[in-house]
Amino acid sequence: MRPPVVITSRVGRIGTAVLGAAALALMVWDASRVGLLQALVNLPFVALFVWCGWLFWGLASIRIDDAGVQVVNQLRIWSVPWERLTSVTGKWGVTLTTAAQADQEKGRSIRAWAAPAKGTAGKIVSADREMPVVPEQGSTPVRVSLDAFSAARLIEIEQIQRRAGATSSDAAPVRVRVNWPTVIISGVLVILAVLA
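The numbering of the sequence shown is my numbering, which starts it at 27 and goes up by one.
Structure below.
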């Protein structure tokens with residue numbers, strides 16, 4: 027059994043950590059100037075700002091395992107079985123295309139925010155990343171940070187590798203669910219910021 031592969035944005039996670047550290051330093055500086063009580067009144071705004079940074083930079087991920095591809099975006103979590111995945115492209119970010127199901131006429135296009143497309147500056151400055159080596163056996167997830175083209179290529183390679191031994195002809199449906207933790211935390215922070 028091949029280990030799962032998790033694609034996340036390393037730059038986004040580092041950027042969110044730097045943003046959080048800067049926000050904490052500003053909160054301490056604010057508390058030293060205007061007092062602790064006034065600084066605590068500003069805390070919901072700062073927390074909302076850092077949370078929005080986390081939502082757009084660090085939260086999104088793509089998990090590849092034997093069952094298929096799981097795309098975690100800000101508001102939705104998609105589970106796409108290998109049998110339903112028809113194509114993957116990395117042209118404006120990773121987009122998975124699924125086969126039609128009984129309740130729809132055509133397949134869906136699912137955008138994954140975890141692997142952004144390279145901008146022009148990124149193409150000039152950095153060389154293409156090498157594809158990670160995924161061992162044939164293991165249970166520890168392989169964590170990588172890839173651009174959209176590399177992530178799409180990895181998903182295609184893993185689809186071939188992981189379906190080679192599969193004998194199931196039943197195609198499980200594509201499942202989508204709301205990412206409730208992010209919705210609830212975002213709502214609470216917005217309410218606290220409005221009340222403050």
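We put the CB at the ideal spot given by N, CA and C, even for glycine.
Closest residue to residue i among the options (Cα-Cα distance)
{"i": "alanine 175", "options": "Leu101, Ile33, Leu81", "result": "Correcting the residue identity first, residue 175 is phenylalanine in this sequence and not alanine. Closest option to phenylalanine 175, Cα to Cα, is Ile33."}
{"i": "threonine 112", "options": "Gly119, Arg102, Gly133, Arg203", "result": "Gly133"}
{"i": "alanine 51", "options": "Val76, Val31, Met27", "result": "Val76"}
{"i": "isoleucine 210", "options": "Ala125, Gln100, Arg179", "result": "Gln100"}
Beta-carbon contacts of residue i that lie in its chain and below 7 Å, excluding the five residues immediately before and after
{"i": "valine 67", "result": "Ala222"}
Residue i - containing beta strand (DSSP E), residue span
{"i": "serine 113", "result": "111 to 115"}
Where the alpha helix (DSSP H) containing residue i begins and where it ends
{"i": "threonine 208", "result": "206 to 221"}
{"i": "tryptophan 77", "result": "62 to 79"}
{"i": "alanine 138", "result": "Unbroken run through alanine 138 is the beta strand (DSSP E), 135 to 138; no alpha helix (DSSP H)."}
{"i": "leucine 122", "result": "Segment 120 to 124 is the beta strand (DSSP E) holding leucine 122; no alpha helix (DSSP H) there."}
Proximal residues to residue i (C-beta, below 6 Å), its chain only, five neighbours per side dropped
{"i": "phenylalanine 82", "result": "none"}
{"i": "alanine 143", "result": "Trp118, Gly119, Ala174"}
{"i": "tryptophan 139", "result": "Ala86, Asn99"}
{"i": "alanine 125", "result": "Arg110, Thr112, Gly133"}
{"i": "alanine 147", "result": "Unreliable placement is indicated for alanine 147, whose pLDDT of 42 sits below 50; the coordinate value is still reported in the next sentence. Closer than 6 Å at the Cβ level, and outside the excluded window around alanine 147, lies no residue."}
{"i": "arginine 201", "result": "Ser105"}
Secondary structure of residue i, DSSP reduced to three states
{"i": "serine 87", "result": "strand"}
{"i": "tryptophan 55", "result": "helix"}
{"i": "isoleucine 150", "result": "Interpretation of isoleucine 150 is limited by its pLDDT of 46, a score under 50 that renders its predicted location unreliable; the figure taken from the coordinates is listed afterwards. DSSP places isoleucine 150 in helix when its eight states are reduced to three."}
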